[in-house]
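*Asks:* Residues 1 to 119, numbered by the UniProt record's numbering, are exactly what the sequence shown covers, in order.
Built from N, CA and C at the ideal position, the CB exists for glycine as well.
Bear in mind that the values here come from a model prediction, so they are computed numbers and not experimental data.
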Amino acid sequence: VKGNIYTVGVTSAVGLRDWKNMKNDSYHPSSLLKWAQEAGKGTGIISTCPVTDASPAATYAHAAYRKWQTDLEMKNDIESGIRDENVSIDDAMKDLKDISVQMIENSPGKGFKVILGGG
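Set out below in structure tokens:
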């Protein structure tokens, strides 16, 4: 699936820092690890970089910007981008999860048997 530069686990319909379209599940392609879990296989990730970095995150997360690894990074970035819009930061952040939260709360990340990363 083709995605845009610096995005993770979303189709090209989601632009860089496009928090609105990031909320749309139809722009979240499935992953090989999700398919493996659906087939009853044990899954996990091992990486020499942090597990929330773009390469490992692409197996489980859907983010409009690869740097949205924590809620603070995501909130600060979105807040600076909505200054000209009639939307509050709380409304913008509603239903958005950063990469680390997606790993813990969403499939396939919450189903991983192994999570090892460096840093």
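1. Determine the DSSP secondary structure at L116, reduced to helix, strand or coil.
2. Just grab the DSSP bridge partners of G44 for me.
3. Could you tell me the boundaries of the alpha helix (DSSP H) in which S100 lies?
4. The alpha helix (DSSP H) with G3 in it runs from where to where?
5. Take the Cβ of G40 as the centre, count every other Cβ of all protein chains shown within 10 Å, and call the residue buried at 16 or more, exposed below.
6. Is the beta carbon of G44 sitting closer than 8 Å to the one on I115?
7. Considering Cα atoms alone, identify which of K67, G118, I89 is closest to K20.
8. For the alpha helix (DSSP H) that contains A57, what are its first and last residues?
9. How many Å lie between V51 and S30 at the Cα?
10. Between which two residues does the alpha helix (DSSP H) carrying D71 extend?
11. Pick helix, strand or coil for A64, following the three-state DSSP scheme.
*Replies:* Well, looking at it:
1. strand
2. V114
3. 99-105
4. Here G3 belongs to no alpha helix (DSSP H), and DSSP marks it neither H nor E.
5. exposed
6. yes
7. I89
8. 54-57
9. 19 Å
10. 71-81
11. coil
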